[in-house]
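Asker: This is the structure I have questions about; it appears just below.
Number of protein chains: 2
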Amino acid sequence: MLTERQQLILGAIINDYIRSAEPVGSRSISKRGDVSFSPATIRNEMADLEELGFLEQPHTSAGRVPSTRGYRYFVDHLMKQEAATESELQAIRSFLSSQMMEAEQVIQHAAMIISNLTNYTSIVLGPDSVNQALKHFQLVPLGGDKAVAIVVTNTGHVENRTVTIPQDLDMSDIEQAVRFLNEKLSGVPLTRLKSRLFSEAGEEMGRYADQCEGLLRLIEQALTPESDSRLFMSGTTNILTQPEFKDVDKVKTIFSLLEETPAMLRLFSAMPSGLQVRIGTENDHEAIASCSLITASYTIDGQQLGTIGILGPTRMDYGRVISLLGVFGSNLKLLRPGH
Amino acid sequence: MLTERQQLILGAIINDYIRSAEPVGSRSISKRGDVSFSPATIRNEMADLEELGFLEQPHTSAGRVPSTRGYRYFVDHLMKQEAATESELQAIRSFLSSQMMEAEQVIQHAAMIISNLTNYTSIVLGPDSVNQALKHFQLVPLGGDKAVAIVVTNTGHVENRTVTIPQDLDMSDIEQAVRFLNEKLSGVPLTRLKSRLFSEAGEEMGRYADQCEGLLRLIEQALTPESDSRLFMSGTTNILTQPEFKDVDKVKTIFSLLEETPAMLRLFSAMPSGLQVRIGTENDHEAIASCSLITASYTIDGQQLGTIGILGPTRMDYGRVISLLGVFGSNLKLLRPGH
DNA sequence: TGTTAGCACTCGATACAGTGGAGTGCTAAT
DNA sequence: ATTAGCACTCCACTGTATCGAGTGCTAACA
Numbered sequence: 001m002l003t004e005r006q007q008l009i010l011g012a013i014i015n016d017y018i019r020s021a022e023p024v025g026s027r028s029i030s031k032r033g034d035v036s037f038s039p040a041t042i043r044n045e046m047a048d049l050e051e052l053g054f055l056e057q058p059h060t061s062a063g064r065v066p067s068t069r070g071y072r073y074f075v076d077h078l079m080k081q082e083a084a085t086e087s088e089l090q091a092i093r094s095f096l097s098s099q100m101m102e103a104e105q106v107i108q109h110a111a112m113i114i115s116n117l118t119n120y121t122s123i124v125l126g127p128d129s130v131n132q133a134l135k136h137f138q139l140v141p142l143g144g145d146k147a148v149a150i151v152v153t154n155t156g157h158v159e160n161r162t163v164t165i166p167q168d169l170d171m172s173d174i175e176q177a178v179r180f181l182n183e184k185l186s187g188v189p190l191t192r193l194k195s196r197l198f199s200e201a202g203e204e205m206g207r208y209a210d211q212c213e214g215l216l217r218l219i220e221q222a223l224t225p226e227s228d229s230r231l232f233m234s235g236t237t238n239i240l241t242q243p244e245f246k247d248v249d250k251v252k253t254i255f256s257l258l259e260e261t262p263a264m265l266r267l268f269s270a271m272p273s274g275l276q277v278r279i280g281t282e283n284d285h286e287a288i289a290s291c292s293l294i295t296a297s298y299t300i301d302g303q304q305l306g307t308i309g310i311l312g313p314t315r316m317d318y319g320r321v322i323s324l325l326g327v328f329g330s331n332l333k334l335l336r337p338g339h
Numbered sequence: 001m002l003t004e005r006q007q008l009i010l011g012a013i014i015n016d017y018i019r020s021a022e023p024v025g026s027r028s029i030s031k032r033g034d035v036s037f038s039p040a041t042i043r044n045e046m047a048d049l050e051e052l053g054f055l056e057q058p059h060t061s062a063g064r065v066p067s068t069r070g071y072r073y074f075v076d077h078l079m080k081q082e083a084a085t086e087s088e089l090q091a092i093r094s095f096l097s098s099q100m101m102e103a104e105q106v107i108q109h110a111a112m113i114i115s116n117l118t119n120y121t122s123i124v125l126g127p128d129s130v131n132q133a134l135k136h137f138q139l140v141p142l143g144g145d146k147a148v149a150i151v152v153t154n155t156g157h158v159e160n161r162t163v164t165i166p167q168d169l170d171m172s173d174i175e176q177a178v179r180f181l182n183e184k185l186s187g188v189p190l191t192r193l194k195s196r197l198f199s200e201a202g203e204e205m206g207r208y209a210d211q212c213e214g215l216l217r218l219i220e221q222a223l224t225p226e227s228d229s230r231l232f233m234s235g236t237t238n239i240l241t242q243p244e245f246k247d248v249d250k251v252k253t254i255f256s257l258l259e260e261t262p263a264m265l266r267l268f269s270a271m272p273s274g275l276q277v278r279i280g281t282e283n284d285h286e287a288i289a290s291c292s293l294i295t296a297s298y299t300i301d302g303q304q305l306g307t308i309g310i311l312g313p314t315r316m317d318y319g320r321v322i323s324l325l326g327v328f329g330s331n332l333k334l335l336r337p338g339h
């Protein structure tokens, strides 16, 4: 529906704006090598593009700025993806295949690298509990009536919490229960863990005594995952380097959103899997109405493990970020989770 | 060395400035109930106080602002500590004695509360490895040649890292080694762990085979603690609400310091134990030359476990923060670490 | 008919002078 | 020793003028 020339001009404007962060005028577009029309012609097209909703004018005598719709069109049709240099991509890829660490850590480090390369903020959402299975469970007594409960999942993720042991429980009973758990529940998805715990326990119940009550509650408590541990961010201060955020108040609203774990989880759960771009007001959250969020889900052996997201101003370098995130698109060959 | 009246006036000025964040003039001091002198008299005293280095003047016709030295005198001699309400203190105290969680978590939550109450940033430095002993060590195989190494200390702190198992190692050998470790090294301070590992292993060496080489290196790797895990912060964005930090560049330098773990560790290690106040340029780090850092070490059963710090502008409410941190001064009755 | 040169116009950014007021330092009176 | 009075300083604010980048429109042009 846009003419060739309109596309050319729209693309030129957005590319310029991404670089300069300042409204771009007809003159500067005309001086570019790739658009060989006079400023007047370009002005006409700009007026049309504005009428169509792709551009906006901060005030009458200023240049044009892309609108959310403009960016959207750009991302969908115009953008060149080869904006990331091959050496950058190689650096991340080699890092991902280095196999030095646990999957989650590798992803987090990779996100950190991207955040450094792009000067945007990166957010990693760890594996959903649906996609993790119990690998190992352990209770380490700490003296007194406290113990540390440790849950290791098949992705190598370790979660721990301190629990209080009811006084009427015997240590040997607990040890037996833990051994039983590891035997029977290893490999069970975290989400099903509790129901399986109760059903399995029910069968054995007859044999063991009735203090199982307290024991069960203890274990249930120990198995409840903390939701914040799924979120990992890096480069949050990069936001401060972006010229559009030199106003402290804007920064504050964004930061408070980032700090609010449940809101972030909601935000991410609204993103479908695969590579996804949410531009400005397309995000349901007002605090980031002037930001864009690009997410990519990463999978290992076909199993969707989590999501990595890049948050930056709407004027963000979409091509670059998308090609960088593309590294995660193909099935990663990281530490293979035990089946 | 300061006269009674000078102290009164200095105190009044600093208290006013802490509230208003704006240079305070002789008139406003004179109008306060507690200082019954005319503006002229106060002006004279102010000029003297400035000459002595306790006050500063942003420009000729402005009011006075406390200098680092002024704050120092205030903290050492003038400040009233009862600035925190008893109900606030009680809230924290009851929280600390709730015994619901592991010591470290309790401290972190308490720090969070203080940070919310004061609108400053709180930083918790976890137990030094000198003060932690091994409680339990475990290797959980993950499939492939990876395993998660888990170290539990007597403070209930859990640390984990993923390690690669050399192919030539037998699983049963590893299990035996882990059992051996838990028997022989439980209770050994983390700092001595490695040397003890080698000495103990040396004795047993004769009996076991010579693949100990790889095994030892594996365990050594697993026992090396991550230094970042000792730092915990909350309320970092509170900095943005302080009027002195409406300049983004200042905020940026502070944030980058906060993100730089080693620098933060250095900063904290420069603070002696007990309650400590570092005002403005007294901090060795330029980035926080306009900030004050108040730290308190917390001890449990006489054992120094870590440090809690509050970072705010030099114009911070010292009395309030110090009295809030005072809660940690007395020996805490938290989860008692196993002896 | 599509393109472009020309021109009047708009409007933010910048610079500058003027004003008001908060605050000071000094002096003289109490 | 204290304070009232006063001249002085200097920032913050306001209004005005200017500049220039950029626009929209019209008329000429290929």
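If you're matching them up, the sequences are chains H and G in order.
Sequential numbering from 1 applies to the first sequence in full-length UniProt numbering.
Sequential numbering from 1 applies to the second sequence in full-length UniProt numbering.
Cβ coordinates follow ideal geometry from the N, Cα and C atoms, glycine included.
If you're wondering where the values come from, they're calculated on a predicted model, not measured in any experiment.
#1: Using the rule of at least 16 other Cβ atoms within 10 Å of the residue's Cβ for burial, across every protein chain shown, is Met-264 (chain G) buried or exposed?
#2: Of all the CB atoms in chain H, is at least one closer than 9 Å to the CB of Asp-247 (chain G)?
#3: To be precise: take each residue of the region 257 to 271 of chain G, compare its Cβ to all Cβ atoms of chain H, and keep it if any distance is under 9 Å. Which residues remain?
#4: Count the CB pairs spanning the region 78 to 98 of chain H and the region 268 to 275 of chain H that are closer than 8 Å, and state whether there are at least three.
#5: Look up residue 341 (chain G) in the DSSP assignment and say whether it is helix, strand or coil.
#6: Three-state secondary structure (DSSP) at Phe-198 (chain H)?
#7: Between the Cα of Val-152 (chain H) and those of H:Val-106, H:Val-327 and H:Leu-185, spot the shortest distance and give me the residue it belongs to.
#8: Does DSSP put Tyr-298 (chain H) in a helix, in a strand, or in coil?
#9: Just curious, the alpha helix (DSSP H) that Gly-319 (chain H) is in, first and last residue?
#10: What are the residues of the region 106 to 130 of chain H that lie near chain G, defined by any Cβ-Cβ distance shorter than 7 Å?
#11: Mapping DSSP to helix, strand and coil, what is Lys-250 (chain H)?
#12: Identify the contact partners of Asn-160 (chain H) in chain G, using a Cβ-Cβ distance below 7 Å as the criterion.
#13: Using beta carbons (cut-off 9 Å, strictly below), is Glu-175 (chain G) in contact with chain H?
#14: Roughly how far, in whole angstroms, is the beta-carbon of Thr-281 (chain G) from the beta-carbon of Ala-289 (chain G), given that I think they are within contact range, below 8 Å?
#15: Assuming Met-1 (chain H) is part of the beta strand (DSSP E), what are its boundary residues?
#16: Below 8 Å on the Cβ atoms is my contact criterion, and I expect residue 387 (chain G) with Asp-317 (chain G) to pass it. Report the Cβ-Cβ distance as a whole number of Å.
#17: What span of residues does the alpha helix (DSSP H) with Gly-70 (chain H) cover, start to end?
#18: Report the three-state DSSP secondary structure of Lys-135 (chain G) (helix, strand or coil).
#19: At the level of alpha carbons, what is the spacing between Val-321 (chain H) and Leu-293 (chain G)?
#20: What residues of chain G sit near Ile-150 (chain H), judged by a beta carbon separation below 7 Å?
#21: Taking DSSP as the reference, what is the three-state secondary structure of Ile-310 (chain H)?
#22: May I have the straight-line CA-CA distance separating Arg-266 (chain G) from Gly-306 (chain G), to the nearest angstrom?
#23: How many angstroms separate the CA atom of Leu-248 (chain H) from the CA atom of Lys-246 (chain G)?
#24: Using a cut-off of 7 Å between C-beta atoms, extract the partners of Gln-138 (chain H) located in chain G.
#25: Tell me the DSSP secondary structure of Ala-270 (chain H) in three-state form.
#26: Per DSSP, which residues does Asn-232 (chain H) bridge with? Please list them.
#27: To which residues does DSSP link Glu-56 (chain H) through a beta bridge?
#28: What do you get for Asn-116 (chain H), buried or exposed, if any count of 16 or more other CB atoms within 10 angstroms of its CB means buried?
#29: Is DSSP giving Glu-159 (chain G) helix, strand or coil here?
#30: On a Cα-Cα basis, can you pick out the residue from H:Phe-74, H:Glu-183 and H:Ser-323 that is closest to His-136 (chain H)?
#31: Please list, in chain order, the chain H residues whose beta carbon lies closer than 9 Å to that of Thr-299 (chain G).
#32: Per DSSP, which residues does Ala-149 (chain G) bridge with? Please list them.
#33: Using 8 Å for Cβ pairs, my map puts Gly-25 (chain H) next to Leu-78 (chain H). What's the rounded Cβ distance?
#34: Within its chain, find whatever has a CB closer than 6 Å to the CB of Thr-41 (chain G); leave out the 5 residues flanking it on each side and keep chain order.
#35: Please check the pair Leu-275 (chain H) and Gly-329 (chain H), which I expect to be a contact at CB under 8 Å, by giving their CB distance rounded to whole angstroms.
#36: Can you tell me which of the three DSSP states Val-35 (chain H) falls into?
Answerer: In this structure, then:
#1: By the 16-neighbour rule on beta-carbons within 10 angstroms, Met-264 (chain G) is buried.
#2: Taking Cβ atoms only, chain H reaches closer than 9 Å to Asp-247 (chain G), which makes this a yes.
#3: Of all residues in the region 257 to 271 of chain G, Leu-258 and Glu-259 have a Cβ within less than 9 Å of some Cβ in chain H.
#4: No, they do not touch.
#5: In the structure displayed, chain G extends from 1 to 339; residue 341 (chain G) sits before or after that span and is not available.
#6: The three-state secondary structure of Phe-198 (chain H), taken from DSSP, is helix.
#7: For the residues H:Val-106, H:Val-327 and H:Leu-185, the minimum Cα distance to Val-152 (chain H) belongs to H:Leu-185.
#8: Annotated three-state conformation of Tyr-298 (chain H) is strand, per DSSP.
#9: Gly-319 (chain H) -> alpha helix (DSSP H) spans 318 to 325.
#10: Interface annotation for the region 106 to 130 of chain H against chain G: empty, criterion Cβ-Cβ distance under 7 Å.
#11: Reduced to three states, the DSSP call for Lys-250 (chain H) is helix.
#12: Neighbours of Asn-160 (chain H) across chain G, judged by C-beta separation under 7 Å: Val-158.
#13: For Glu-175 (chain G), no CB of chain H lies under 9 Å from its own CB, so it is not counted at the interface with that chain.
#14: Yes, Thr-281 (chain G) and Ala-289 (chain G) are in contact; Cβ-Cβ is about 5 Å, under 8 Å.
#15: Annotation for Met-1 (chain H): no beta strand (DSSP E) segment contains it, and DSSP assigns it neither H nor E.
#16: As shown, chain G starts at 1 and ends at 339. That puts residue 387 (chain G) outside it, with no answer to give.
#17: Residues 68 to 73.
#18: If DSSP states are grouped into helix, strand and coil, Lys-135 (chain G) belongs with the strands.
#19: Using only the alpha carbons, I get a separation of about 38 Å.
#20: Neighbours of Ile-150 (chain H) across chain G, judged by C-beta separation under 7 Å: Ile-150 and Val-158.
#21: Residue state, collapsed to three classes: strand.
#22: C-alpha separation (whole angstroms): 14 Å.
#23: Inspection of the sequence shows that residue 248 (chain H) is occupied by Val rather than by Leu. The straight-line gap from Cα to Cα measures roughly 6 Å.
#24: What Gln-138 (chain H) touches in chain G: Gln-138.
#25: It is coil, neither helix nor strand.
#26: Here residue 232 (chain H) turns out to be Phe, not Asn, going by the sequence shown. Looking at the DSSP output, Phe-232 (chain H) sits in a beta bridge with H:Val-124.
#27: According to DSSP, Glu-56 (chain H) bridges with H:Val-65.
#28: Exposed.
#29: The answer is strand: DSSP assigns Glu-159 (chain G) an E or B state.
#30: Considering only alpha carbons, the answer is H:Glu-183.
#31: Within 9 Å Cβ-Cβ: nothing; Thr-299 (chain G) doesn't reach chain H, min ~17 Å.
#32: Under DSSP, the beta-bridge partners assigned to Ala-149 (chain G) are G:Leu-139 and G:Arg-161.
#33: Gly-25 (chain H) to Leu-78 (chain H), Cβ: 20 Å. No contact.
#34: For Thr-41 (chain G), where only same-chain residues beyond five positions count, there are no Cβ hits under 6 Å.
#35: Going by Cβ atoms, the distance from Leu-275 (chain H) to Gly-329 (chain H) rounds to 6 Å, so yes, they are a contact pair.
#36: Here Val-35 (chain H) sits in coil by DSSP.
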